[in-house]
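All letters in the sequence shown, in the order written, are residues -19 to -1, 1 to 171 by mature numbering (1 follows the signal peptide of the UniProt record, and there is no 0).
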Amino acid sequence: MKTTLTVLLILGLYGLSSGFIKQHFFVKERMTWNSASKHCKTHFYDLSTFTNVNEEQQFLEDAAYQPSDAWVGLNKVSGVWQWSGGKSTQAETEHLWTGLRYQAGHWFWVNGDDLDYKDWYQNQQPQCPARNLRCGALDKKTQNWIHRDCEEKLNFLCSAQAVPQVVPQTTVDSTPPAHLTSPSPKKTVS
(Lines of atoms letter the chains of each structure in order from A and count residues from 1; the text may use other names and numbers.)
(Lines give C-alpha, C1' and ligand atoms only; values in the text may rest on other atoms or scores of the structure.)
Protein backbone atom coordinates (compact mmCIF):
# COMPACT_ATOMS: atom_id res chain seq x y z
CA MET A 1 0.00 0.00 0.00
CA LYS A 2 2.80 2.45 0.95
CA THR A 3 4.67 1.67 -2.27
CA THR A 4 1.57 2.34 -4.36
CA LEU A 5 0.95 5.65 -2.60
CA THR A 6 4.59 6.68 -3.04
CA VAL A 7 4.51 5.88 -6.77
CA LEU A 8 1.21 7.74 -7.22
CA LEU A 9 2.58 10.75 -5.33
CA ILE A 10 5.74 10.86 -7.46
CA LEU A 11 3.75 10.50 -10.70
CA GLY A 12 1.35 13.22 -9.56
CA LEU A 13 4.17 15.62 -8.74
CA TYR A 14 5.85 14.89 -12.08
CA GLY A 15 2.58 15.54 -13.88
CA LEU A 16 2.14 18.82 -12.05
CA SER A 17 5.66 20.03 -12.79
CA SER A 18 5.77 18.93 -16.42
CA GLY A 19 2.43 20.49 -17.32
CA PHE A 20 3.36 24.05 -16.38
CA ILE A 21 4.29 26.94 -18.65
CA LYS A 22 5.60 30.40 -17.89
CA GLN A 23 3.63 33.52 -18.61
CA HIS A 24 5.64 36.52 -19.81
CA PHE A 25 4.54 40.13 -19.54
CA PHE A 26 6.00 43.10 -21.37
CA VAL A 27 6.45 46.23 -19.23
CA LYS A 28 6.41 49.41 -21.29
CA GLU A 29 8.02 51.56 -18.60
CA ARG A 30 11.78 52.07 -19.01
CA MET A 31 13.95 51.09 -16.04
CA THR A 32 17.50 50.08 -15.21
CA TRP A 33 18.12 46.34 -14.86
CA ASN A 34 18.01 46.48 -11.04
CA SER A 35 14.81 48.56 -11.00
CA ALA A 36 13.22 46.23 -13.56
CA SER A 37 14.17 43.23 -11.43
CA LYS A 38 12.59 44.80 -8.33
CA HIS A 39 9.45 45.72 -10.31
CA CYS A 40 9.05 42.15 -11.59
CA LYS A 41 9.56 40.66 -8.13
CA THR A 42 6.98 43.04 -6.67
CA HIS A 43 4.28 42.70 -9.34
CA PHE A 44 4.96 39.36 -11.05
CA TYR A 45 7.64 36.77 -10.18
CA ASP A 46 10.98 37.79 -11.71
CA LEU A 47 12.59 39.01 -14.93
CA SER A 48 11.87 36.56 -17.76
CA THR A 49 14.17 33.67 -18.53
CA PHE A 50 14.33 31.35 -21.54
CA THR A 51 15.76 27.93 -20.78
CA ASN A 52 15.39 26.44 -24.27
CA VAL A 53 14.83 27.49 -27.87
CA ASN A 54 11.23 26.24 -27.83
CA GLU A 55 10.36 28.38 -24.83
CA GLU A 56 11.89 31.48 -26.39
CA GLN A 57 10.26 30.88 -29.80
CA GLN A 58 6.91 30.07 -28.21
CA PHE A 59 7.13 33.35 -26.32
CA LEU A 60 7.84 35.30 -29.51
CA GLU A 61 5.13 33.50 -31.52
CA ASP A 62 2.38 33.68 -28.90
CA ALA A 63 3.02 37.23 -27.77
CA ALA A 64 0.32 38.75 -29.96
CA TYR A 65 -2.35 36.30 -28.82
CA GLN A 66 -2.37 36.97 -25.08
CA PRO A 67 -5.85 37.92 -23.83
CA SER A 68 -4.74 40.24 -21.03
CA ASP A 69 -4.55 44.00 -21.54
CA ALA A 70 -1.50 43.97 -19.23
CA TRP A 71 0.39 42.12 -21.94
CA VAL A 72 1.79 43.98 -24.89
CA GLY A 73 3.50 41.30 -26.96
CA LEU A 74 6.04 41.35 -29.73
CA ASN A 75 4.85 40.36 -33.19
CA LYS A 76 6.69 40.41 -36.51
CA VAL A 77 4.47 41.65 -39.36
CA SER A 78 5.96 41.81 -42.86
CA GLY A 79 9.46 41.74 -41.40
CA VAL A 80 8.79 44.61 -38.97
CA TRP A 81 8.46 44.14 -35.20
CA GLN A 82 5.26 45.57 -33.73
CA TRP A 83 3.57 45.33 -30.38
CA SER A 84 0.25 43.50 -30.36
CA GLY A 85 -2.56 45.80 -31.39
CA GLY A 86 -0.38 47.19 -34.19
CA LYS A 87 1.51 49.70 -32.06
CA SER A 88 4.88 50.47 -33.60
CA THR A 89 8.06 49.57 -31.77
CA GLN A 90 9.62 52.85 -32.89
CA ALA A 91 8.93 54.63 -29.61
CA GLU A 92 10.12 51.64 -27.59
CA THR A 93 13.63 50.47 -26.78
CA GLU A 94 15.39 48.11 -29.19
CA HIS A 95 16.31 45.78 -26.35
CA LEU A 96 14.34 44.28 -23.48
CA TRP A 97 15.82 43.38 -20.11
CA THR A 98 15.71 39.67 -19.27
CA GLY A 99 16.78 37.82 -16.14
CA LEU A 100 20.28 37.25 -17.51
CA ARG A 101 23.14 38.52 -15.32
CA TYR A 102 26.93 38.21 -15.13
CA GLN A 103 28.62 37.88 -11.72
CA ALA A 104 31.60 36.03 -10.29
CA GLY A 105 32.84 34.99 -13.73
CA HIS A 106 29.58 33.43 -14.99
CA TRP A 107 26.38 34.32 -16.82
CA PHE A 108 23.27 32.97 -15.06
CA TRP A 109 19.49 33.35 -14.84
CA VAL A 110 18.54 35.27 -11.72
CA ASN A 111 15.72 32.87 -10.85
CA GLY A 112 18.12 29.92 -10.69
CA ASP A 113 17.14 28.25 -14.00
CA ASP A 114 20.00 26.41 -15.72
CA LEU A 115 21.79 28.29 -18.48
CA ASP A 116 22.18 25.19 -20.65
CA TYR A 117 20.39 26.86 -23.58
CA LYS A 118 22.21 29.90 -24.96
CA ASP A 119 21.12 32.30 -27.70
CA TRP A 120 23.84 34.96 -27.79
CA TYR A 121 24.17 37.27 -30.78
CA GLN A 122 26.43 35.57 -33.35
CA ASN A 123 26.86 32.70 -30.85
CA GLN A 124 29.43 34.74 -28.94
CA GLN A 125 28.86 34.74 -25.20
CA PRO A 126 30.68 37.74 -23.72
CA GLN A 127 33.58 36.56 -21.56
CA CYS A 128 34.34 38.83 -18.62
CA PRO A 129 32.41 41.84 -19.95
CA ALA A 130 33.15 45.37 -18.76
CA ARG A 131 31.74 46.08 -15.31
CA ASN A 132 28.82 48.11 -16.66
CA LEU A 133 27.91 45.56 -19.40
CA ARG A 134 26.91 42.68 -17.15
CA CYS A 135 23.15 42.59 -17.70
CA GLY A 136 21.44 40.55 -20.40
CA ALA A 137 18.78 41.77 -22.79
CA LEU A 138 16.79 40.39 -25.71
CA ASP A 139 17.48 42.20 -28.99
CA LYS A 140 14.14 42.66 -30.76
CA LYS A 141 15.67 42.71 -34.26
CA THR A 142 17.95 39.68 -34.07
CA GLN A 143 15.95 37.83 -31.38
CA ASN A 144 19.27 37.07 -29.67
CA TRP A 145 20.69 37.86 -26.27
CA ILE A 146 23.15 40.70 -25.86
CA HIS A 147 24.92 42.28 -22.91
CA ARG A 148 24.03 45.88 -22.07
CA ASP A 149 24.91 48.61 -19.60
CA CYS A 150 22.93 47.75 -16.44
CA GLU A 151 22.15 51.45 -15.88
CA GLU A 152 20.56 51.85 -19.31
CA LYS A 153 16.80 52.34 -19.10
CA LEU A 154 15.04 49.69 -21.18
CA ASN A 155 11.63 48.08 -21.42
CA PHE A 156 11.61 44.63 -19.91
CA LEU A 157 9.91 41.25 -19.63
CA CYS A 158 8.55 39.81 -16.40
CA SER A 159 7.50 36.23 -15.89
CA ALA A 160 4.64 35.13 -13.70
CA GLN A 161 4.51 31.92 -11.72
CA ALA A 162 4.00 28.90 -13.91
CA VAL A 163 0.40 27.97 -14.63
CA PRO A 164 -0.93 24.57 -15.62
CA GLN A 165 -1.38 24.01 -19.35
CA VAL A 166 -4.18 21.54 -18.76
CA VAL A 167 -6.04 21.22 -15.51
CA PRO A 168 -7.02 17.58 -15.07
CA GLN A 169 -10.30 16.95 -13.33
CA THR A 170 -9.90 14.50 -10.49
CA THR A 171 -12.48 13.13 -8.13
CA VAL A 172 -11.20 12.12 -4.73
CA ASP A 173 -13.22 9.98 -2.35
CA SER A 174 -12.43 11.30 1.10
CA THR A 175 -14.10 8.37 2.88
CA PRO A 176 -11.39 6.00 4.10
CA PRO A 177 -11.92 2.25 3.63
CA ALA A 178 -13.57 0.55 6.61
CA HIS A 179 -10.43 -1.39 7.55
CA LEU A 180 -8.50 1.90 7.97
CA THR A 181 -10.97 3.63 10.29
CA SER A 182 -10.35 3.43 14.00
CA PRO A 183 -13.14 2.26 16.26
CA SER A 184 -14.85 4.90 18.33
CA PRO A 185 -13.32 5.38 21.77
CA LYS A 186 -14.78 3.15 24.47
CA LYS A 187 -16.32 4.72 27.49
CA THR A 188 -14.90 3.67 30.79
CA VAL A 189 -17.14 3.12 33.75
CA SER A 190 -15.83 4.22 37.11
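By construction, the Cβ of each residue, glycine as well, lies at the ideal position given by its N, Cα and C atoms.
Specify the secondary structure class of residue i as computed by DSSP and reduced to three states.
i, result
"Ala111", "coil"
"Tyr102", "helix"
"Gln38", "helix"
"Asn15", "helix"
"Lys121", "coil"
"Thr74", "coil"
"Thr32", "coil"
"Lys134", "coil"
Just mark residue i as buried or exposed, buried being the case when its beta carbon has 16 or more other beta carbons within 10 Å.
i, result
"Cys109", "exposed"
"Thr23", "exposed"
"Val34", "exposed"
"Glu37", "buried"
"Asn136", "buried"
"Arg112", "exposed"
"Lys3", "buried"
"His5", "buried"
"Ala118", "buried"
"Ala85", "exposed"
"Gln105", "exposed"
"Ser69", "With a pLDDT of only 45 at Ser69, under 50, the local geometry of the prediction cannot be trusted, and the value read off the model is given with reservation. Its Cβ having fewer than 16 others within 10 Å, Ser69 is exposed."
"Trp90", "buried"
"Arg82", "buried"
Our contact map puts residue i next to residue j with C-beta atoms below 8 Å; I'd like the distance itself, whole angstroms only.
i, j, result
"Thr30", "Thr79", "7 Å"
"His128", "Pro107", "5 Å"
"Cys116", "Cys139", "Actually they do not touch by this definition, with Cβ atoms about 15 Å apart."
"Thr32", "Asp95", "6 Å"
"Asp27", "Asn125", "Not really, about 21 Å apart at Cβ, beyond 8 Å."
"Lys121", "Thr13", "Not really, about 19 Å apart at Cβ, beyond 8 Å."
"Ala141", "Phe25", "5 Å"
"Thr123", "Tyr98", "About 16 Å separates the two Cβ atoms, so there is no contact after all."
In the DSSP assignment, what residue or residues form a beta bridge with residue i?
i, result
"Cys116", "Arg82, Arg129"
"Phe25", "Bridge partners of Phe25: none, in fact."
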